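*Asks:* If you read the sequence shown in the working numbering, its first letter stands for residue 3, the second for the next number, and so on. Idealized CB from N, CA, C, for every residue including glycine. Owing to the predicted nature of the structure, the values given are computational and were not obtained by experimental measurement. Below you'll find the structure I mean.
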Amino acid sequence: MKKILMTLSLASTLLLATNALTYTQADRIKDMQTMAKAMGDIQSGFFYNNLDMIKEGGIRLVDALERVQPPLEEKTEKDAMTRFLNNKVKMTNSIKRRVRKKVTHMIESFRDGHPKSALQDYKKITESCMNCHTRLRTW
Numbered sequence: 003m004k005k006i007l008m009t010l011s012l013a014s015t016l017l018l019a020t021n022a023l024t025y026t027q028a029d030r031i032k033d034m035q036t037m038a039k040a041m042g043d044i045q046s047g048f049f050y051n052n053l054d055m056i057k058e059g060g061i062r063l064v065d066a067l068e069r070v071q072p073p074l075e076e077k078t079e080k081d082a083m084t085r086f087l088n089n090k091v092k093m094t095n096s097i098k099r100r101v102r103k104k105v106t107h108m109i110e111s112f113r114d115g116h117p118k119s120a121l122q123d124y125k126k127i128t129e130s131c132m133n134c135h136t137r138l139r140t141w
């Protein structure tokens, strides 16, 4: 019984580890669609003056954002100079960090009765999305 449990736990660990290493284009598309839906929910929350919609959209946005990874070819690049010039890993992490902070501040501002400040945070989140799409995803 212990051997079976140990084998199952080892197999599941290996499966999760390989999934974490293989972030595919299909995974990225799914995450981008989730983030687009979350941004729409946040925007609807502003229009309807609904904090719950803003919170729910913000949480979904951050969850999907955490799954987004730099392109695999960038992570596996061996040449240091090419990696330095592309710099996609560092830029991706920087954008993630900035969006997380802005989502937290946006929810707090809206909850505290400052919708204009929260809307400015939403605008900055949108700008971060566009920076990622124009610089990293080469739109």
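1. Confirm, please, whether the CB-CB distance from PRO117 to PHE48 is below 8 Å.
2. In the DSSP assignment, find the alpha helix (DSSP H) that holds PRO117 and state where it starts and stops.
3. For THR94, tell me which candidate among THR84, ILE44, LEU67 and HIS107 has the shortest Cα-Cα distance.
4. Is it a yes or a no for the stretch 22-38 touching the stretch 118-126, going by three-plus beta-carbon pairs under 8 Å?
5. To the nearest angstrom, report how far apart LYS80 and ASP114 are at their CA atoms.
6. Taking all protein chains shown into account, do 16 or more other C-beta atoms lie within 10 angstroms of the C-beta of GLY42, making it buried, or fewer, making it exposed?
7. Could you give the DSSP three-state label for THR157: helix, strand or coil?
8. For CYS134, which residues from the same chain have a beta carbon less than 6 Å from its beta carbon, with the 5 sequence-adjacent residues on both sides left out?
9. Counting along the chain, where does the alpha helix (DSSP H) carrying THR106 start and finish?
10. Taking the alpha-carbon of LYS92 as reference, which of ARG137, SER46, GLN45 and ILE44 has the nearest alpha-carbon?
11. Measure from the alpha carbon of ARG100 to the alpha carbon of each residue in ILE31, SER130, ALA28 and ILE44, then state which is nearest.
12. Leaving out five residues before and five after LEU7 in sequence, what residues of the same chain have Cβ atoms less than 6 Å from its Cβ?
*Replies:* Let's see:
1. yes
2. Annotation: the continuous alpha helix (DSSP H) that includes PRO117 extends over 117-133.
3. LEU67
4. no
5. 48 Å
6. Exposed, since its Cβ has fewer than 16 Cβ neighbours within 10 Å.
7. The requested residue 157 does not occur in the structure, where the chain is confined to residues 3 to 141.
8. ILE97
9. In the DSSP assignment, THR106 falls within the unbroken alpha helix (DSSP H) covering 90-113.
10. ARG137
11. SER130
12. Caution is warranted here: a pLDDT of 47 is assigned to LEU7, below 50, making its placement in the model unreliable, and the coordinate value is therefore given only provisionally. So the list is empty, once near-sequence residues are dropped.
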